[in-house]
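These protein sequence lines are chains A and B, in that order. With the first letter of the first sequence counted as 1, position 97 gets the number 96 in numbering that gives the first Met the number 0; the numbers rise by one all the way through. With the first letter of the second sequence counted as 1, position 390 gets the number 389 in numbering that gives the first Met the number 0; the numbers rise by one all the way through. For each residue, glycine too, the CB sits at the ideal point set by N, CA and C.
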Amino acid sequence: MKSFKILLAFGLCLSLFTACSKDNVEKTKKANTTENKEKSGQAFIKDDQSVPNVLQIAIGSKDHSTLVAAVQAAELENSLVNAGPLMVFAPTNEAFSKLPEGTVENLLKPENKDALANILKYHVTPGNYSKDFLKRFKKLGQANNKYVKVEVVDGEPLIGGARILGSVKAGNGIVHVIDKVLLPQ
Amino acid sequence: MKTLFKYIYVMKSIITLLIFAITFTSCDNNSTNKGALSSSAAEKVYVAPGEHDEFYAFMSGGFSGQLAVYGLPSGRLFKVIPVFSQDAEKAYGYNEETKPLLNTSFGFIPWDDAHHPDISQTNGELDGRYIFINGNNTPRIAKIDLSTFETTEIIEIPNSAGNHSSSYVTDNTEYVVAGTRFGIPIPQKDIAINKYKGNFKGTLSFIKVNPDDGAMDLKFQVLMPGFDYDKAHPGRGKSHGWFFFTTYNTEEANTLLEVNASQNDKDFIAAVNWKKIEEYVNNGGGSKMPTNYAHNVYDEHTHSATSTMKKEVIMVDPSEVPGAIYFLPTPKSPHGCDVDPTGEYIVGSGKLSANVTVHSFSKMLDAIENKKFSGDAYGIPILNFEDVLAGSVEQPGLGPLHTEFDNEGNAYTSFFISSEIVKWKLGTWEVLDRQPSYYSIGHLMIPGGNSQKPFGKYVVGMNKITKDRYLPTGPEVTQSAQLYDISGDKMELLLDFPTVGEPHYAAGIPADLVKPRSKKIFKLEENKHPYVAKSESETKVTRNGNIVHVYMTTIRSHFAPDNIEGVKVGDKVYFHITNLEQDYDVPHGVSMIGANTSELLIMPGQTETFLWEPKQVGVWPFYCTDFCSALHQEMQGYVRVSPAKSDIKLSWSLGEGF
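Have a look at this one:
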């Protein structure tokens, strides 16, 4: 339900946006205009045949509405649908709710877009490894240029202290659902 | 309850944010559109019928093995030059004359993976004489002559595997340089794969180019540690005499490199003082190592290629030339290795790093002079990262790959993961502009953008992912290039155009530097082909055992001879066809029913040969395959094939007995 509302809001955004463009630009001039980067890019390709990518998996999960909202606020959609391969550590809504009061609200403010993007990129590794395989690493190099520590406790890999609750294979990588938001040092 | 409240709060924030975003982007979008309306992208790429493009763009074909020639700004495709792959359209690698070009120490190889074209230079500026390109898979370097747009030389690189950090030319085309991506035992031997570390090596090959005729000669190889040498560029201007190679897998892993080669925080850029090594070799340095590689040369006068096997190479051990090679630590498996037009900055893009690292040539020299080493790798000194670092562009995008330069001190870097081109300033490292690519750009190219004199009007992005950009053509879709105008402060996307194969690097050059030298015909009187017939009176058919040679000519609109009898089942019939035309753009083609090869496409004044092995008795037609003239359809002939034991005499004729 939550994700549906967000999608609805996002869709609304798109339709308003499109309507606006159409009002202001004559069709005949279309060839002369450059791309509208806000609504174009791989994230917006219609494809109902391929295995869902990491972004689509997150959007389709009711437990990840906060993460999806954050990705959209940081405008990282197009990066998450890239050929990658991408390994996304996806904190659940519950994980976000464990953050100190007001943290998420604050990060979603437009002026904090860079800080938000930095945190989100800390959840992304260029790679595609199963939960079991992750035990071979001591650290992972993340997309924000920082490393996250990998430990093995009771036979389970802990990523920056977060437990992997489940994993979903994606068309362009893998999503590991984690129980904690990773914060870069 | 508390969670729900929080959720509502979050949702409210998001909706507010979205509304803000809508308002903001709408306004922004309007102003963008107005800007675009005032400067028409369509007009900027429109080249009127009959007009010529301003630039040539040579784009590697990647897995097609070829080199495609486009015009800029129109994006029109003019020619696909066959280089490493057989091309039935042009009979390349099918006719007897060009087969030797594809010979290697592994035998005839009809394909390769062509990556990095680079145009010859004089004084650090494009001179438009030749273009070089590397074959990645079975290591080779090819030279294409830009007067004929044909491949005229291919040299195999021994002691190499994965010929990827190739084929870049120095300021005066003194050398074309090739480096190995895959460490291998050198010389090759039977050894356990897990003995990689310390036992496997890489080589950097320096191929001397003759300034007069462009002839290539493998002058020496440098035996390096078994890292993966990924990309390379020569020093320019002040750093002329040096060559720079990015490396990854300094871990020397032999399995699961995506994990094991990403362990070190920094790999290296190898700085190689080739002038110093050249001097050492000129004074008798280096050891003569037995080897085996093919050197294939096409002669424009015999219209034929020959392949020679070479048996020796000069191998240089870096420890014998102290002060010739240094390692510059560079973060996270650097890929692109690009040198700016002044030669001061060496850009290394760590493909797993979010930053773009720039080293300073003068700081490097200073660090070398003051021996500021942090250690060594197999005896090669490692300089301190901080001592050679000029600066870095902080988090400009995700997945930086390659950098090209304009003539105003700006750099343009491609970012694969965030799918964009980012323009930044050399020296201040500030990001000036960014434009999305559709999608996931690999290389990018500014004409002359890797020389001392870039022509900074356009940048072409070569994208790895196409998806929905064009009409769909099933699972396989064309690769997409994109042209941006970079003459203003902000880049402007002008055009998408489809490309052949999978372009990696490309090279662009003002058309005026190439056009005047472009050949129109081959002169018949200069034809030295051993089976040429320079007139119809010289045509004949000869037999030696079961080998039959047909000396045939073609002119609008007949073959001479066009009736041949006395050929037998089991013969090997070589059709040597000379195009007698001396008129621009009048090639003739030819093919024979049942020939197990391609057609021939013969340019005016040229001789080409195909082999036909008749297997069935009968009368078999041949015809012209290129629409050459009004009476093209009349351009046909017959060969009578008799049983193997037949005693019908060899005879040939044209226009007799009718």
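Residue i at chain A interface by Cβ criterion, 8 Å
| i | result |
| --- | --- |
| Asn354 (chain B) | yes |
| Pro435 (chain B) | yes |
| Lys527 (chain B) | no |
| Gln478 (chain B) | no |
| Lys331 (chain B) | yes |
| Leu664 (chain B) | A query on residue 664 (chain B) cannot be resolved here, the shown segment of chain B reaching from 0 to 657 and no further. |
| Gln394 (chain B) | yes |
| Ser417 (chain B) | yes |
| Leu397 (chain B) | yes |
Integer-rounded CB distance, given that residue j should sit under 8 Å from residue i
| i | j | result |
| --- | --- | --- |
| Asp375 (chain B) | Ile381 (chain B) | 6 Å |
| Gly342 (chain B) | Ser238 (chain B) | 4 Å |
| Ile464 (chain B) | Leu443 (chain B) | That pair is no contact at about 15 Å. |
| Phe661 (chain B) | Gly507 (chain B) | Because chain B is modelled from 0 through 657, residue 661 (chain B) falls outside the range shown and cannot be assessed. |
| Asn462 (chain B) | Ser439 (chain B) | 6 Å |
| Val208 (chain B) | Met215 (chain B) | 6 Å |
| Lys689 (chain B) | Pro224 (chain B) | Examination of residue 689 (chain B) is not possible in this model, given that chain B is present from 0 through 657 alone. |
| Ala410 (chain B) | Asp339 (chain B) | 7 Å |
| Ala113 (chain B) | Gln65 (chain B) | 6 Å |
| Ser59 (chain B) | Ala293 (chain B) | So it is not a contact: roughly 21 Å between Cβ atoms. |
| Thr261 (chain B) | Ser332 (chain B) | Before going on, a small fix: residue 261 (chain B) reads as Ser here, not Thr. Indeed, because the Cβ distance is near 6 Å, the residues count as touching under 8 Å. |
| Phe243 (chain B) | Ile156 (chain B) | Actually they do not touch by this definition, with Cβ atoms about 19 Å apart. |
| Leu523 (chain B) | Pro72 (chain B) | Rounded, the Cβ-Cβ distance is 38 Å, inconsistent with contact. |
| Lys134 (chain A) | Tyr146 (chain A) | Wrong, their Cβ atoms sit about 17 Å apart, outside the cutoff. |
Close-in-space but distant-in-sequence residues of the same chain around residue i (CB under 6 Å, 5 per side omitted)
| i | result |
| --- | --- |
| Cys254 (chain B) | The sequence given here has Thr at residue 254 (chain B), not Cys. Within the same chain, Thr254 (chain B) has no close Cβ partners at all. |
| Asp561 (chain B) | Gly636, Leu653 |
| Gly639 (chain B) | Just to set this straight, residue 639 (chain B) is Arg in the shown sequence, not Gly. So the qualifying residues of the chain are Glu564, Val618. |
| Thr172 (chain B) | Ser119, Gln120, Val208 |
Cutoff 8 Å: residue i Cβ touching any chain B Cβ
| i | result |
| --- | --- |
| Asn77 (chain A) | yes |
| Asn111 (chain A) | no |
| Asn171 (chain A) | no |
| Gly140 (chain A) | yes |
| Ala89 (chain A) | no |
| Arg162 (chain A) | no |
| Ala73 (chain A) | no |
| Ala94 (chain A) | no |
| Lys36 (chain A) | Bear in mind that a pLDDT of 45 at Lys36 (chain A), under 50, signals an unreliable position, so the number given afterwards is only what the model happens to contain. It does; some Cβ of chain B falls within 8 Å. |
Length of the line joining the Cα atoms of residue i and residue j
| i | j | result |
| --- | --- | --- |
| Leu181 (chain A) | Lys97 (chain A) | 12 Å |
| Thr179 (chain B) | Thr65 (chain A) | 47 Å |
| Gln632 (chain B) | Pro586 (chain B) | 15 Å |
| Pro109 (chain B) | Asn133 (chain B) | 15 Å |
| Glu580 (chain B) | Arg555 (chain B) | 8 Å |
| Ile647 (chain B) | Gly565 (chain B) | 5 Å |
| Thr472 (chain B) | Lys362 (chain B) | 52 Å |
| Leu75 (chain A) | Gly398 (chain B) | 14 Å |
| Pro658 (chain B) | Ala177 (chain B) | This structure gives no information on residue 658 (chain B), because the portion of chain B shown stretches from 0 to 657. |
| Ser165 (chain B) | Val44 (chain B) | 32 Å |
| Tyr437 (chain B) | Tyr483 (chain B) | 12 Å |
| Gly284 (chain B) | Asn369 (chain B) | 27 Å |
| Leu649 (chain B) | Val549 (chain B) | 11 Å |
| Tyr174 (chain B) | Gly197 (chain B) | 29 Å |
Contacts around residue i, its chain only, beta-carbon distance under 7 Å, and the 5 residues preceding and following it disregarded
| i | result |
| --- | --- |
| His334 (chain B) | Asp229, Lys230, Thr245, Ser348, Lys350, Leu400 |
| Lys36 (chain A) | Because the pLDDT at Lys36 (chain A) is just 45, under 50, the model does not fix this residue reliably, and the point stays unresolved. |
| Glu393 (chain B) | Asn354 |
Residues of its chain near residue i, where Cβ-Cβ distance is below 8 Å and the 5 sequence neighbours each way are ignored
| i | result |
| --- | --- |
| Pro51 (chain A) | Gly59, Ala169, Gly170 |
| Ile601 (chain B) | Thr553, Ile576, Thr577, Asn578, Pro586, His587, Gly588, Val589, Glu607 |
| Glu403 (chain B) | Asp337, Ala410, Tyr411, Leu443, Met444, Ile445, Gly448, Asn449, Pro453, Val458 |
Check: According to a CB-to-CB cut-off of less than 7 Å, which residues of the stretch 58 to 70 of chain A neighbour chain B?
Finding: Taking 7 Å as the upper bound on Cβ-Cβ separation, chain B lies near residues Thr65, Ala68 of the stretch 58 to 70 of chain A.
Next item on the list: Could you run through the stretch 251 to 279 of chain B and flag, in chain order, every residue whose CB is less than 8 Å away from some CB of chain A?
Entry: From the stretch 251 to 279 of chain B, only Glu257, Val258, Ser261 have a Cβ closer than 8 Å to chain A.
Check: Of the residues that make up the stretch 437 to 468 of chain B, which ones have a beta carbon closer than 8 Å to any beta carbon in chain A?
Finding: Against chain A - using a Cβ distance shorter than 8 Å - the residues of the stretch 437 to 468 of chain B are Tyr437, Tyr438, Ser439, Lys463, Ile464, Lys466, Asp467.
Check: Quick one, which residues of the stretch 39 to 58 of chain A are near chain B if we go by CB-CB under 8 Å, in chain order?
Finding: Against chain B - using a Cβ distance shorter than 8 Å - the residues of the stretch 39 to 58 of chain A are Ser39, Gly40, Gln41, Ile44, Lys45, Asp46.
Note to self: For the stretch 98 to 128 of chain A, list every residue whose C-beta sits within 7 Å of some C-beta in chain B, in sequence order.
What the structure shows: With the criterion set as a beta carbon lying under 7 Å from some beta carbon of chain B, the members of the stretch 98 to 128 of chain A are Val103, Glu104, Leu107, Pro109, Pro125, Gly126, in sequence order.
Notebook entry, point to check: If contact means a Cβ-Cβ distance below 9 Å, which residues of the stretch 120 to 145 of chain B contact chain A?
Noted result: Answer in chain order: no residues at all.
Checklist line | Residues in the stretch 479 to 494 of chain B having any Cβ partner in chain A nearer than 7 Å | finding: Using a CB distance below 7 Å, the part of the stretch 479 to 494 of chain B facing chain A consists of Glu491, Leu492, ordered along the chain.
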